[in-house]
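Enquirer: Structure incoming, see below.
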Amino acid sequence: MKTEMIRLPAMSSYKILDYVWLALMAMTLGSAFLAESAEPSLLVTLLIAVTVGLKGRLVVDRFMELKNAHPYIRFAMNFYFYMLPLVILLVFLFPEFIADITRLKH
Amino acid sequence: MQPTTPDKPHADAAVLADCPPVDNRVPGNGAVWVGIFAEMSEFALMFLVYFIAKVHYPELFDQGPLKLNTTAGVLNTLSLLTSSYFVAKAMKSVRMGRIKQAIRWLWGTVSAAVVYLIIKAWEYYWNADNGIDVDTNLFFTVYYYMTFNHFLHVFWGGGAILWAIMRLKQGHYTADNHEGMEAIACYWHMIDLVWIIIFPLLYVLR
Numbered sequence: 004m005k006t007e008m009i010r011l012p013a014m015s016s017y018k019i020l021d022y023v024w025l026a027l028m029a030m031t032l033g034s035a036f037l038a039e040s041a042e043p044s045l046l047v048t049l050l051i052a053v054t055v056g057l058k059g060r061l062v063v064d065r066f067m068e069l070k071n072a073h074p075y076i077r078f079a080m081n082f083y084f085y086m087l088p089l090v091i092l093l094v095f096l097f098p099e100f101i102a103d104i105t106r107l108k109h
Numbered sequence: 091m092q093p094t095t096p097d098k099p100h101a102d103a104a105v106l107a108d109c110p111p112v113d114n115r116v117p118g119n120g121a122v123w124v125g126i127f128a129e130m131s132e133f134a135l136m137f138l139v140y141f142i143a144k145v146h147y148p149e150l151f152d153q154g155p156l157k158l159n160t161t162a163g164v165l166n167t168l169s170l171l172t173s174s175y176f177v178a179k180a181m182k183s184v185r186m187g188r189i190k191q192a193i194r195w196l197w198g199t200v201s202a203a204v205v206y207l208i209i210k211a212w213e214y215y216w217n218a219d220n221g222i223d224v225d226t227n228l229f230f231t232v233y234y235y236m237t238f239n240h241f242l243h244v245f246w247g248g249g250a251i252l253w254a255i256m257r258l259k260q261g262h263y264t265a266d267n268h269e270g271m272e273a274i275a276c277y278w279h280m281i282d283l284v285w286i287i288i289f290p291l292l293y294v295l296r
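Chains D and U are the protein sequences, given in the same order.
Counting along the first sequence from 1, when you hit position 46 you're at 49 in my numbering, and nothing is skipped either side.
Counting along the second sequence from 1, when you hit position 150 you're at 240 in my numbering, and nothing is skipped either side.
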């Protein structure tokens, strides 16, 4: 059976997926480098938090295609990937305060 | 059983591939989003436990990641992200009416999932050989609880992808009708998203 070839626009979303995948691979390898070499610091924690947020947003927007989905769904998924990086930073900055408010016995 | 639908491109395939059907839509169906939000809430509770345990036992959570096999964690991440990429490609292919191509992408997803499962199983053996188990300390209890729970999700999510392949082969999903496949795709991306969080928490963050 003859299959008609379809020419996609130069920068179609089909092609963009390739670049998104490459970006995700690069960020993962960057995280691996941090895991192996860097000592804990605010900068490293900030980098990790930003990477989590960026990777999450890329998957939500590009792979899951929620960019134009129902606002409740889009908001909920994006909220997750704003909150997680924020919590990662807060736990690094205020560990003792968080330990105090989550302690069962004083 | 109907024969496999040939790769007959949809009339406006390029346009359909470039933009999902309508704005403000619910991708897949409402039921799968109930499931996705339930799963995300379940994992959010696990992350909460992780953070609380981390602030109470900082030394364990500082040393724990150093004892894990980072290479296994990285390979797990690469395979899951790649599997998600394959699913996204499969969805675009279906919208273009390229059913055979979509099936090939989904077999790629299944392969990446199997790679993930093999690496994770190997990692558990590697841990055991290095004296690490669920009772070693609180960090590893959290590690096993989170990763094994996720392992199960990859396993049954892979089963759902196989189901989508079967439905594609039977001609149930087309360029105009692929709601079920989109629901499965969203569920698979959710599994990937959860790992995007688990990986830095357990292998990188100290």
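Cβ coordinates follow ideal geometry from the N, Cα and C atoms, glycine included.
(1) Apply the 10 Å Cβ neighbour rule to D/Tyr-83 and answer buried if 16 or more other Cβ atoms are within range, or exposed otherwise.
(2) Could you list which residues in chain D have their beta carbon closer than 8 Å to that of U/Val-116, in chain order?
(3) Name the DSSP beta bridge partners of U/Arg-115, please?
(4) Determine the DSSP secondary structure at U/Val-200, reduced to helix, strand or coil.
(5) Suppose you measure from the CA of U/Leu-196 to the CA of U/Ile-209; what does that come to, to the nearest Å?
(6) Just verifying my parser: in three-state terms, what is the DSSP assignment at D/Thr-105?
(7) With 8 Å as the threshold, decide whether the Cβ of U/Val-204 is near any Cβ in chain D.
(8) Does the beta-carbon distance from D/Ile-91 to D/Val-55 come in below 8 Å?
(9) Whose C-beta lies closer than 6 Å to the C-beta of U/Glu-272 among residues of the same chain, with five residues either side of it excluded?
(10) Can you tell me the Cα-Cα spacing of U/Arg-194 and U/Val-184, whole angstroms?
(11) Under DSSP, the alpha helix (DSSP H) around D/Glu-113 begins and ends at which residues?
(12) Using a Cβ-Cβ distance under 8 Å, would D/Val-53 count as near chain U?
(13) Which word fits U/Asn-217, buried or exposed, when buried means at least 16 other C-beta atoms lie within 10 angstroms of its C-beta?
(14) Drop a sphere of 10 angstroms on the beta-carbon of U/Asn-267, count the other beta-carbons inside from all chains shown, and report buried for 16 or more, exposed for fewer.
(15) Less than 8 Å between the beta carbons of U/Ser-131 and U/Trp-278, yes or no?
(16) Would you tell me roughly how many angstroms separate the C-alpha atoms of U/Leu-295 and U/Thr-231, rounded to the nearest one?
(17) Rounded to whole angstroms, what's the CA-CA distance from D/Lys-58 to U/Ile-286? Just pull it up for me.
(18) Might you give, ordered along the chain, the residues of its own chain that have their beta carbon closer than 6 Å to the beta carbon of U/Thr-95, omitting 5 neighbours on each side?
(19) Could you tell me which chain U residues have their CB closer than 7 Å to the CB of D/Ala-29, listed as they occur along the chain?
(20) Whole angstroms is fine: what's the gap from U/Met-186's alpha carbon to U/Gly-247's?
(21) Please state if the CB of D/Leu-20 and the CB of D/Arg-65 are separated by a distance shorter than 8 Å.
Expert: In short:
(1) Within the first sequence, residue 83 of chain D is the residue found at index 80, counting from 1. With a 10 Å radius around the Cβ and a threshold of 16 neighbouring Cβ atoms, D/Tyr-83 comes out buried.
(2) Against the second sequence, residue 116 of chain U aligns to sequence position 26. By Cβ distance, chain D contributes Ala-72, His-73 and Ile-76.
(3) Residue mapping note: residue 115 of chain U aligns to position 25 of the second sequence, counting from 1. Within the DSSP secondary-structure output, U/Arg-115 pairs in a beta bridge with D/Ala-72.
(4) Numbered from 1 along the second sequence, position 110 holds the residue referred to as residue 200 of chain U. Helix.
(5) As a first step, residue 196 of chain U is located in the second sequence; it is residue number 106 there, counting from the start. As a first step, residue 209 of chain U is located in the second sequence; it is residue number 119 there, counting from the start. C-alpha separation (whole angstroms): 20 Å.
(6) Here residue 105 of chain D is taken as the residue at index 102 of the first sequence, counted from 1. DSSP, read as helix, strand or coil, puts D/Thr-105 in coil.
(7) The residue you call residue 204 of chain U lines up with position 114 of the second sequence. For U/Val-204, the answer is no, since every Cβ of chain D falls outside 8 Å of its Cβ.
(8) Residue mapping note: residue 91 of chain D aligns to position 88 of the first sequence, counting from 1. Residue mapping note: residue 55 of chain D aligns to position 52 of the first sequence, counting from 1. In this structure, D/Ile-91 lies near D/Val-55, with their beta-carbon atoms less than 8 Å apart.
(9) Sequence index remark: in the second sequence, residue 272 of chain U carries index 182 (1-based). Excluding residues within five positions, the ones whose Cβ falls inside 6 Å are Pro-117 and Gly-118.
(10) Start at 1 with the first residue of the second sequence, and residue 194 of chain U comes out as number 104. Start at 1 with the first residue of the second sequence, and residue 184 of chain U comes out as number 94. Cα to Cα, the separation comes out at about 11 Å.
(11) Because residue 113 of chain D is not part of the residues shown, which for chain D are 4 to 109, the question remains open.
(12) Translated into the one-based positions of the first sequence, residue 53 of chain D becomes position 50. Using a Cβ-Cβ cut-off of 8 Å, D/Val-53 does not count as an interface residue toward chain U, since no Cβ of chain U sits closer than that to its own.
(13) Position 127 of the second sequence holds residue 217 of chain U. When all chains shown are included, U/Asn-217 counts as buried.
(14) Within the second sequence, the letter at position 177 stands for residue 267 of chain U. So U/Asn-267 counts as exposed.
(15) As a working note, residue 131 of chain U is residue 41 in the second sequence. As a working note, residue 278 of chain U is residue 188 in the second sequence. Their beta carbons are not under 8 Å apart, which means U/Ser-131 does not touch U/Trp-278 by this criterion.
(16) In the second sequence, the residue the question calls residue 295 of chain U occupies position 205. In the second sequence, the residue the question calls residue 231 of chain U occupies position 141. Near 17 Å, if we compare the C-alpha coordinates of U/Thr-231 and U/Leu-295.
(17) On the first sequence, position 55 is the one that residue 58 of chain D refers to. On the second sequence, position 196 is the one that residue 286 of chain U refers to. Distance between the alpha carbons of D/Lys-58 and U/Ile-286: 7 Å.
(18) As a first step, residue 95 of chain U must be located in the second sequence, where it is residue number 5. Bear in mind that a pLDDT of 48 at U/Thr-95, under 50, signals an unreliable position, so the model cannot answer this.
(19) Here residue 29 of chain D corresponds to residue number 26 of the first sequence, with the count starting at 1. Ordered by position in chain U, no residue passes the 7 Å Cβ test against D/Ala-29, which lies about 11 Å from the chain.
(20) Your numbering for residue 186 of chain U matches position 96 in the second sequence. Your numbering for residue 247 of chain U matches position 157 in the second sequence. Taking the straight line from one Cα to the other gives about 24 Å.
(21) To locate residue 65 of chain D, count along the first sequence from 1; it is residue 62. To locate residue 20 of chain D, count along the first sequence from 1; it is residue 17. Contact flag set, yes.
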